[in-house]
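Student: Letter by letter, the sequence shown follows residues 401 to 454 of my numbering.
Below is a structure I'd like to ask you about.
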Amino acid sequence: MALDTFIDTEQTTERTRRIFATEFKQHLVELCLQPDTSVAKVAMQHQINANLLH
């Protein structure tokens, strides 16, 4: 049994930083301030990390 290791040194994907509009940010904060709403739920619904809202 051969246990060869292959290391790919060429990066094929480039990470990009997402930029959110000010209106979008304000909308998310307003949603989080609603009664009986969790920050985690709002974050999941908008596909962002909850730490960004905290």
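Using N, Cα and C, we set each Cβ at its ideal position, and we do this for glycine too.
Just so we're clear, the structure is a prediction, and the values are computed from it rather than from any experiment.
#1: Is L453 closer than 8 Å to C432 when the C-beta atoms are compared?
#2: Given that a residue counts as buried once 16 or more other Cβ atoms are within 10 Å of its Cβ, and exposed if not, what is A443?
#3: Starting from the C-beta of T437, find all residues in its chain whose C-beta is less than 7 Å away, skip the five residues before and the five after it, and write them out in chain order.
#4: E423 lies in the alpha helix (DSSP H); which residues open and close that run?
Tutor: Let me spell this out:
#1: Residue numbering aside, residue 432 sits at position 32 when the sequence shown is read from its first letter. Residue numbering aside, residue 453 sits at position 53 when the sequence shown is read from its first letter. Closer than 8 Å, so yes.
#2: Taking the first residue of the sequence shown as 1, we reach residue 443 at position 43. A443 comes out buried.
#3: In the sequence shown, residue 437 corresponds to position 37, counting from 1. Closer than 7 Å at the Cβ level, and outside the excluded window around T437, lie L431.
#4: Your numbering for residue 423 matches position 23 in the sequence shown. 422-432 is the span of the alpha helix (DSSP H), which, as asked, contains E423.
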